[in-house]
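S.K.: Chains as they are written, first to last, in this note's numbering: chain A, 394 to 781; chain B, 394 to 781. Cβ atoms here follow ideal geometry from the backbone N, Cα and C, with glycine treated the same way. It should be emphasised that the depicted structure is a prediction, and the values quoted were computed from it without experimental measurement.
Structure follows, in structure tokens:
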């Protein structure tokens, strides 16, 4: 007899299998859940309220984040590394999550940050030509800068443009430590795949090693990677390899997926425009898209009042839990909507206001990003604030 | 019943199977034999006697060399590309063959030349660390410069040091055009091999494309690669890929292997010091090694006088046919020795004189190579003579 349960597949190119079971994922990947005590420790060490994404479990798993906090407490520096695969010209809300969170971490811990634009990856995996990948990459960098990163602490680089001696050397020695079988097992490649795919995992791995950036780091300092959990396979591989190269294992802090507006529980995808709010959507687009979102409200008013909304299924409420900053108001909506006293329309309207404001603010910030600013962020240079 | 004939294996990492059948190799690889008429055409076009390696069939096979001559005849430029894998600090005579021949081609056709030092390859395949690979590479560059290349026409680069934007972009797009199965089939890799090996073929391929050197070439000009025939698999792959990228297929001119002193017919190997003459051997070493070489002289004087030497098996005579420039003298030795009137000792003595002179001259030339000269050859710069 054939089993009919779908297998849960999570890797950087596929998130499938219906509702994602994050507990299972933590077990399968072997990372750790972020406990209340860890969040409290962050609050104590940074003397500020933890980011809403941390308080509300958007970032829910980690690897060795506690060790990063240990060394921070001893007064040692670390650096942040995150990235972006430029598959399209405009970002959607889901893409912004790691950057908003990374900005918080950078400010709270006052640490340098490197951001890898994997234009080579999108050229390989999405069959874009290098020119389009690079153009998308540069447009995406404007969105990233618009999140408010500090140019004196942030180095953004394109793989196509930055590749250099020590960076390439680390790619080679990393690739020496991983068999092809291991890559096939981790990423699901087969013999029919282009060999360029096999080269890429090491390229995403090496920004985890401070020696890849000789202009930034004079000594080996630890790395913390904020990312969505689908990137975990890259960094499991990186952590396996690091000790064999005499490098530190990077630490990770990992988010769940931002849900699609119309989909069930999968990852928001740039390939279905209606399932995502784009950072260049108009107020009208946003309103329309939110009105079409999957709701947990009941089919008729009587049932709604009797049973309350199904908050587990309600995408607008989920979105509010990501983006409505006021804890008290969110709690109020949870109670009123969950107990049927508040209606779907009101929740959607509140979300429309929240997101319209975020998107409008982002659009204004992005419009102020000049080509010169992009060049400044992407110049291979020492970061003066490193030596404060 | 099991067949006992050994299979002939020729790829960049293995030359085995006893006596190499070069006719079979030409058939198997699908390249063309260099005919007398092609050699005469080279003589006519360059107005000089063709190099001894061409006259005597050391370089015996090609791909599209005739097309290079066609475009040269039309007054169009081409460039030369060859390379060196720095597996040890010192070169042996066999290593020098492609460089001596390339120098002749550069002078005869007055064309620019790029030389790739594959320090990354040796790090991956020979398990050297990057520092040793780079150090060996720089020492080897001194030997290469000592061959007499013109710095105004020659760019030598280390893969670890040179890797840059357009070069890497060509690596990526090349790797997109080749499946992993194809790489396995061509190079014999398996799942247990480190994934870094899979990345390398594209790295050796891309210097065949003039766009990989934006500081050298403003337009797409054709490439001619002088190399030993064991490098053919790389460039078969490159020639398959080139049209899909809108690039020209590189042309090739390919040599047979330089025989080992003590081995049978295989390739001279850097891993057995006694089977090779090194460019830093003393006159005494050279004499001793040549005395120990496999001879085609007969077991006793009577047989020798009766049957003559077996020239096919005689390594000293083979070496003379590579390095004794005087055609008449070589012909004389062939006749006298082959008919038993000249003895093995005399042939070995003649070879010792020839090689001692070559090695001494090389040593003097190498001693005059300064670090500044190495830097000058390896600087990424335009070559002024390109624009003559």
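Under three-state DSSP, which class holds residue 455 of chain A?
M.R.: Strand at residue 455 of chain A.
S.K.: List the residues that DSSP assigns as beta-bridge partners of residue 679 of chain A.
M.R.: According to DSSP, residue 679 of chain A bridges with nothing at all.
S.K.: Strictly by DSSP, which residues pair up with residue 551 of chain A?
M.R.: Answer by DSSP bridge pairing, in chain order: A:510.
S.K.: Should residue 632 of chain B be flagged as near chain A, meaning a C-beta pair shorter than 8 Å?
M.R.: Taking Cβ atoms only, chain A never reaches closer than 8 Å to residue 632 of chain B, which makes this a no.
S.K.: Using 8 Å for Cβ pairs, my map puts residue 475 of chain B next to residue 508 of chain B. What's the rounded Cβ distance?
M.R.: Confirmed, Cβ separation roughly 6 Å.
S.K.: Which partner residues does residue 620 of chain A have in the DSSP bridge list?
M.R.: Answer is A:647.
S.K.: How far does the alpha helix (DSSP H) with residue 568 of chain A in it extend, from its first residue to its last?
M.R.: Run containing residue 568 of chain A: 558-569, per the alpha helix (DSSP H) assignment.
S.K.: Compute the distance between the beta-carbons of residue 556 of chain A and residue 571 of chain B, then report whether it is under 8 Å.
M.R.: Cβ atoms of residue 556 of chain A and residue 571 of chain B: not closer than 8 Å.
S.K.: Tell me the residue span of the alpha helix (DSSP H) that contains residue 749 of chain A.
M.R.: Run containing residue 749 of chain A: 737-760, per the alpha helix (DSSP H) assignment.
S.K.: Quick one: Cα of residue 704 of chain B to Cα of residue 551 of chain B, how far?
M.R.: Roughly 40 Å separates the two Cα atoms.
S.K.: Which residues, in chain order, does the stretch 693-715 of chain B contribute to contact with chain A at a C-beta distance below 8 Å?
M.R.: Answer in chain order: no residues at all.
S.K.: Strictly under 8 Å for the Cβ-Cβ distance: is residue 515 of chain B near chain A by that measure?
M.R.: It does not; no Cβ of chain A falls within 8 Å.
S.K.: What is the DSSP secondary structure of residue 544 of chain B, counted as helix, strand or coil?
M.R.: Note: residue 544 of chain B maps to coil in three-state DSSP.
S.K.: Measuring CA to CA, which of A:674, A:517, A:737 is closest to residue 691 of chain A?
M.R.: Looking at the Cα atoms, A:737 is the closest of the given residues.
S.K.: Could you give the uninterrupted runs of the beta strand (DSSP E) lying entirely in the stretch 581-630 of chain A, keeping only those of 3 residues or more?
M.R.: 616-621, all fully within the stretch 581-630 of chain A.
S.K.: Any beta carbon from chain A within less than 8 Å of residue 591 of chain B's own beta carbon?
M.R.: So yes, residue 591 of chain B belongs to the interface.
S.K.: Measure the CB-CB distance between residue 679 of chain B and residue 723 of chain B and report whether it falls below 8 Å.
M.R.: No; because the gap between Cβ atoms is not below 8 Å, this pair is not in contact.
S.K.: In the DSSP assignment, what residue or residues form a beta bridge with residue 485 of chain B?
M.R.: Beta-bridge pairing links residue 485 of chain B to B:671.
S.K.: Using 8 Å as the limit for Cβ to Cβ distance, is residue 640 of chain A near chain B?
M.R.: It does not: the Cβ of residue 640 of chain A has no partner Cβ on chain B nearer than 8 Å.
S.K.: Under 8 Å, Cβ to Cβ, is there at least one residue of chain A near residue 586 of chain B?
M.R.: So, interface residue.
S.K.: Which of the three DSSP states, helix, strand or coil, is assigned to residue 530 of chain B?
M.R.: Helix.
S.K.: Does DSSP put residue 636 of chain B in a helix, a strand or coil?
M.R.: In the structure shown, residue 636 of chain B sits in a helix (DSSP, three-state: H, G or I).
S.K.: Are three or more beta carbon pairs between the stretch 581-597 of chain B and the stretch 420-437 of chain B nearer than 8 Å?
M.R.: At 8 Å Cβ cutoff, the stretches do not touch.
S.K.: Would you tell me roughly how many angstroms separate the C-alpha atoms of residue 491 of chain A and residue 469 of chain A, rounded to the nearest one?
M.R.: Roughly 24 Å between the two C-alpha positions.
S.K.: Quick check on the DSSP output: what are the complete beta strand (DSSP E) runs of length 3 or more inside the stretch 413-462 of chain B, in order along the chain?
M.R.: Fully enclosed beta strand (DSSP E) runs of 3 or longer: 452-456.
S.K.: Just the chain A side, please: which residues come within less than 8 Å of residue 605 of chain B by C-beta, in chain order?
M.R.: Result: empty, since nearest Cβ-Cβ is about 13 Å, beyond 8 Å.
S.K.: Please list, in chain order, the chain A residues whose beta carbon lies closer than 8 Å to that of residue 576 of chain B.
M.R.: Within chain A, the residues near residue 576 of chain B are 588.
S.K.: When you compare only the Cα positions, how much space is there between residue 717 of chain B and residue 559 of chain A?
M.R.: Each residue's alpha carbon lies about 45 Å from the other.
S.K.: Nearest by alpha-carbon distance to residue 745 of chain A: which of A:596, A:677, A:643 is it?
M.R.: Selected option, being the one with the closest Cα: A:677.
S.K.: What is the rounded straight-line gap between the Cα of residue 658 of chain A and the Cα of residue 706 of chain A?
M.R.: Here residue 658 of chain A scores only 49 on pLDDT, less than 50, and its place in the model should not be relied on; the value that follows carries that caveat. In a straight line, the C-alpha of residue 658 of chain A is about 9 Å away from that of residue 706 of chain A.
S.K.: Could you pull the start and end residues of the beta strand (DSSP E) that residue 477 of chain B belongs to?
M.R.: 472-477 is the span of the beta strand (DSSP E), which, as asked, contains residue 477 of chain B.
S.K.: Answer with yes or no whether the minimum CB distance from residue 553 of chain B to chain C is below 8 Å.
M.R.: Judged by its chain identifiers, the structure shown contains no chain C, and its protein chains are A and B.
S.K.: Keeping to the same chain, check which residues put their C-beta closer than 8 Å to that of residue 782 of chain A; ignore five residues upstream and five downstream.
M.R.: Past the boundaries of the shown model lies residue 782 of chain A; chain A is included only from 394 to 781, so the question cannot be answered.
S.K.: Can you check whether the CB of residue 521 of chain A is closer than 8 Å to the CB of residue 672 of chain A?
M.R.: Not a contact, by the Cβ cut-off of 8 Å.
S.K.: Are the beta-carbon atoms of residue 701 of chain B and residue 732 of chain B separated by less than 8 Å?
M.R.: Yes, these two residues count as a Cβ contact at 8 Å.
S.K.: Taking C-beta pairs closer than 7 Å, name the residues in chain A that residue 750 of chain B reaches, listed in chain order.
M.R.: Simply none; closest approach about 40 Å.
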